[in-house]
Amino acid sequence: IAKQLGMSSHENATPIRVLHNSAGHLSGPARSLGGVVVGYLGVRVFTPRPVTKMIENVGGCSVLLGLIAMAQDVESLYAGVKALVCVVRGNRSVQQEMDRRRGYQTLAMLLRKKRSLLNSHILHLAFSLVGTVDSGRESSSIPHPVSFQDLLCDL
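Position one of the sequence shown corresponds to residue 177 (this note's numbering), numbered consecutively onward.
This is the structure:
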């Protein structure tokens with residue numbers, strides 16, 4: 177465990193809490209999503225975090241747009257778009273990052289390139305990302321005009 181945490185093997189003063197059936201702390205890009213090992217004054221604790229918050233630490237919306245760009249079949253494209261929709265809905269700062277980086281334009285370009293893989297489920301996710309598919313709402317206004325213009329008008 178000491179080697180995994182980057183500590184001396186002779187260290188005997190630092191308390192370590194071991195959780196079975198959990199991810200280990202790895203450095204750099206090999207670090208697991210969903211939890212980090214935090215060291216503070218010699219105490220190391222595994223702290224689970226939701227994926228919507230963890231995505232911010234590993235690249236934000238660029239990671240999810242990269243998943244969509246790498247999709248080679250309908251299932252992986254659907255999974256990538258679904259992940260993007262869930263994270264954007266669940267994390268306000270990722271939504272602001274999508275606006276700031278014009279991520280909706282990038283998504284429209286990616287979906288246009290993958291036109292042969294599009295189906296009704298993926299288009300439904302795109303409509304829900306923009307906010308135009310909410311059947312419980314009686315308003316005719318567009319809740320997010322920038323994403324509507326960048327994604328649906330260009331698609």
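Cβ atoms here follow ideal geometry from the backbone N, Cα and C, with glycine treated the same way.
Nothing here was measured: the structure is a model prediction, and the numbers come from that model.
Quick one: using the 10 Å Cβ neighbour count with 16 as the cut-off for buried, is residue i buried or exposed?
i: Lys-289; result: exposed
i: Met-274; result: buried
i: Val-234; result: exposed
i: Gly-182; result: exposed
i: Ala-189; result: exposed
i: Ala-206; result: Caution applies to Ala-206, whose pLDDT of 46 falls short of 50 and renders its modelled position unreliable; the value that the coordinates give is listed next. Counting Cβ neighbours within 10 Å, Ala-206 comes out exposed, since fewer than 16 surround it.
i: Asn-197; result: Below a pLDDT of 50, predicted positions are generally treated as unreliable, and Asn-197, at 49, falls in that range; no measurement from the model is reported.
i: Pro-319; result: exposed
i: Lys-179; result: exposed
i: Ser-184; result: exposed
i: Cys-329; result: exposed
Would you say residue i and residue j are within 7 Å of each other, going by their C-beta atoms?
i: Gly-338; j: Val-270; result: No answer is possible for residue 338: the residues shown for the chain start at 177 and end at 331.
i: Val-306; j: Ser-323; result: yes
i: Thr-228; j: Gly-266; result: yes
i: Leu-299; j: Ile-244; result: no
i: Ala-247; j: Leu-253; result: yes
i: Ile-231; j: Val-264; result: no
Can you tell me the Cβ-Cβ gap for residue i and residue j, rounded? I've got them flagged as a contact below 8 Å.
i: Val-257; j: Leu-301; result: 5 Å
i: Val-250; j: Asn-295; result: 6 Å
- Those runs of the alpha helix (DSSP H) which lie wholly inside the segment 227 to 252 and span at least 4 residues: 227 to 234 and 237 to 246
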